[in-house]
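Trainee: Quick note: the sequence shown uses the numbering used here, first residue 840, plus one each step.
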Amino acid sequence: MIRTKKDISVFRVNQVGFAAGLPVRAAVLAEGPVRLTDANGNTVREISISAPEPDDASGDRVKLLDLGCLEEGVWGLACSDETRFFSVQRQPWRQVTNALIKGLYFQRCGCALDSAYAGPYTHPACHTAPAVLWEDRTVSLRVCGGWHDAGDYGKYVGPGAVAAAHLMYAHLLFPEGCSDPLNIPETGNGLPDILNEARYELEWILRMQRPDGAFHHKLAKARFAPFIMPQDDMQTEYLMPVSHCAAAAACACLALGSRVYREYDAAFANAMLLSALRGWEWLVNHPDFVPFKNPEGVRTGQYGEQTDTDDRFWAACEIYAATGNIAFRSTAEELYARGQNLTRFGWADVGGMGALCCLFCLKETAGDILYAQLKRDFLSQSARALELSDRSAYGTALSPDGYVWGSILPVMSNAAAMIADYLLTGNVRMRDAALIQWSYALGLNALDICFVTGFGKKSVKNPHHRPSGADGIDAPVPGLISGGPNKRFPYPATMERLGDTPPARYFLDETPSADTNEIAVYWNSIASLVAAFFNRPF
């Protein structure tokens, strides 16, 4: 994103607003002094600030202000000739939370998006033709459904499983923050809409299971479609080979689903648990990990991993929680002993998902290793997220070299880790640092941009998202979160444009920029989990 000097504000705020009862943090890129004003510009408080500090990630000199808790209303921050207004409300993030969850509805594949639910962002049913088995082109199977993974039209079991799990844990941990009706086709059926949306993906994951219990890694084309609407993408879809990581992630997600949905639909819960157990049996019979690699001629997303230890750990935890079978606890303990990243919640490392299961579902029943020891290890690892936030002048829990493809994921993962720490310890510093990460997503960042489409005064307008780029509507599909700055793996064209731009500013709000401005379901879902926590009354 390139702005002219007159466009640059000296303030960075959460553009959607702040919550009454929670501290208001804002960044100032000036020497000060700063005045806190009311809605009419009248000075309420003079704020003396020390000199702005250098921020290695952005190249800015910035000071993070803690304004404390403010009463509901409109407030302003004034410095020199600029005043930046912001609001404080009782529940300011209700609409953006709902939009992030509903953003996954707009990613649905295999069904029409009707105007009653999608507004102007409609399209007919897409990708409904039978898929061809990559390894035997004489076999065709109907496996439509699920979510388009990202800006493209591929569908991937591992990333989809963790995204659905994020939604289910949001419901389990923070139901009061994510239970609104979303105006989707299932609204009013007696199931919370966040679970209605997750179910759309879960049903597809069930279809991706092979008769022997294994799961196909992905359902995708040999090459990405051009920027066309989904119903116009007529290339052959292929069921790609099975993989260990897909099987383990599916087992975990489906076992979790069997617990979450049991009170609503026992038959569906039983089907998921049976599928998870068959998948686990395949994993037991195939202990030697084989990393997934795209077959020759396939150029769509690989989502390859170097180990399935974290996936198996998560699966063992969830199946133990679903069945009470002590053998799965023993297996989880053995996998835990190999070392797990307990504060990672993305598709490539799901150790944190296993930690959520142990710490908040199994609790003491997990035993000394998976509860007491794991809790100590988790708190040690989550402390690192707070340290990252403390070292950043913006308060962003990300090191300068952490701005990777989809940098919003580690930021939101660190927020989730600090939220979990707060729930376990009551440490308010953790909650408040997590709040800074949530505000980062909504504008408290070096770019002064809200990364969620449709929200904020300066929001992402041109995400790398095929429907948004091909539907002829100026505004992008709402409720999608951009991956954000990426200096670790940028395209050559991006490097040519941005050169030595600091990492936190390495971003282009342009449709071709998949490297900085793509969307993905597992970014929306982890942001939804964080949003659900802060969308509760405080």
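Backbone N, C-alpha and C define an ideal beta-carbon position, used for all residues, glycine too. As the structure is a prediction and not an experimental result, all values here were calculated from the model.
What span of residues does the beta strand (DSSP E) with D975 cover, start to end?
Mentor: First-last of the beta strand (DSSP E) with D975: D975 to L980.
Trainee: Which of the three DSSP states is assigned to K1214 in this structure?
Mentor: Helix at K1214.
Trainee: Pull up the distance between the alpha-carbon of R1046 and that of M1073, whole angstroms please.
Mentor: Approximately 21 angstroms, taken between the alpha carbons.
Trainee: Just curious, the alpha helix (DSSP H) that K941 is in, first and last residue?
Mentor: First-last of the alpha helix (DSSP H) with K941: R933 to K941.
Trainee: With a CB to CB cut of under 6 angstroms and the five nearest residues on each side skipped, what residues in its chain are close to C950?
Mentor: Hits under 6 angstroms: A964.
Trainee: Using DSSP with H/G/I as helix, E/B as strand and the rest coil, what is D1104?
Mentor: Coil.
Trainee: Please state if the CB of N1164 and the CB of R851 are separated by a distance shorter than 8 angstroms.
Mentor: Against a cut-off of 8 angstroms, the Cβ pair of N1164 and R851 comes out as no contact.
Trainee: Can the beta-carbon of Y1233 be found less than 8 angstroms from the beta-carbon of D894?
Mentor: Yes.
Trainee: With P1254 and Q1276 assumed to form a contact (beta carbons below 8 angstroms), what rounded beta-carbon distance in angstroms separates them?
Mentor: The amino acid occupying residue 1254 in the given sequence is Ala; Pro does not appear at that position. Yes, A1254 and Q1276 are in contact; Cβ-Cβ is about 4 angstroms, under 8 angstroms.
Trainee: Using the Cβ count rule (16 or more neighbours within 10 Å means buried), how would you classify P1020?
Mentor: Exposed: under 16 other Cβ atoms inside 10 Å.
Trainee: The beta strand (DSSP E) with I886 in it runs from where to where?
Mentor: Where I886 is concerned, the enclosing beta strand (DSSP E) stretches over T882 to I886.
Trainee: The alpha helix (DSSP H) with A1004 in it runs from where to where?
Mentor: Here the alpha helix (DSSP H) through A1004 covers V996 to L1012.
Trainee: Give every residue of the same chain whose Cβ lies closer than 6 angstroms to the Cβ of L1248, excluding the five residues on either side of it in the sequence, and list them in chain order.
Mentor: Correct list, in chain order: G1185 and W1362.
Trainee: Where are the alpha helix (DSSP H) runs, 4 residues long or more, that stay fully inside the segment 1174-1236, in chain order?
Mentor: For the segment 1174-1236, whole alpha helix (DSSP H) runs of length 4 or above, ordered along the chain, are 1190-1195 and 1213-1230.
Trainee: For A1370 and M1192, which I take to be in contact (beta-carbon distance under 8 angstroms), what is that distance rounded to the nearest angstrom?
Mentor: No, A1370 and M1192 are not in contact; Cβ-Cβ is about 18 angstroms, not under 8 angstroms.
Trainee: Just to confirm my understanding: we take R1327, look at its own chain, exclude 5 residues before and 5 after, and list those with CB closer than 6 angstroms. What are they?
Mentor: So the qualifying residues of the chain are V1243.
Trainee: Which of the three DSSP states, helix, strand or coil, is assigned to Q928?
Mentor: Here Q928 sits in strand by DSSP.
Trainee: Pop quiz: A1089 and A1000 are said to be a contact at Cβ under 8 angstroms. What is the actual Cβ separation, rounded to whole angstroms?
Mentor: The Cβ separation is near 5 angstroms, so the contact holds.
Trainee: At which residues does the alpha helix (DSSP H) containing D1260 begin and terminate?
Mentor: Per DSSP, D1260 belongs to the alpha helix (DSSP H) from I1247 to T1264.
Trainee: Could you tell me the alpha carbon to alpha carbon distance between K844 and A1171, rounded to whole angstroms?
Mentor: With a pLDDT of only 44 at K844, under 50, the local geometry of the prediction cannot be trusted, and the value read off the model is given with reservation. About 55 angstroms.
Trainee: For P893, name the three-state secondary structure that DSSP assigns.
Mentor: In the structure shown, P893 sits in a strand (DSSP, three-state: E or B).
Trainee: Give every residue of the same chain whose Cβ lies closer than 7 angstroms to the Cβ of R842, excluding the five residues on either side of it in the sequence, and list them in chain order.
Mentor: Confidence is the limiting factor: at R842 the pLDDT is only 43, short of 50, which leaves the residue's position unreliable and the question unanswerable from this model.
Trainee: Tell me, please, whether the segment 1019-1033 touches the segment 964-978 by the rule of three or more beta-carbon pairs shorter than 8 angstroms.
Mentor: Cβ pair count under 8 angstroms is below three, so no.
Trainee: With 16 other CB atoms within 10 Å as the buried threshold, where does A858 fall?
Mentor: It counts as buried.
Trainee: Y1039 and P1306: beta carbons closer than 8 angstroms?
Mentor: Taking 8 angstroms as the Cβ cut-off, Y1039 and P1306 do not qualify as a contacting pair.
Trainee: Once DSSP output is grouped into helix, strand and coil, what is the label at A1053?
Mentor: In this structure, A1053 counts as coil in the three-state DSSP scheme.
Trainee: Can you list, in chain order, the residues of its chain whose CB lies under 6 angstroms from that of G898, leaving out five sequence neighbours each side?
Mentor: Hits under 6 angstroms: P1341.
Trainee: Which ranges does the beta strand (DSSP E) cover as unbroken runs of at least 3 residues, wholly within the segment 1056-1085, from first to last along the chain?
Mentor: Correct list: 1057-1059.
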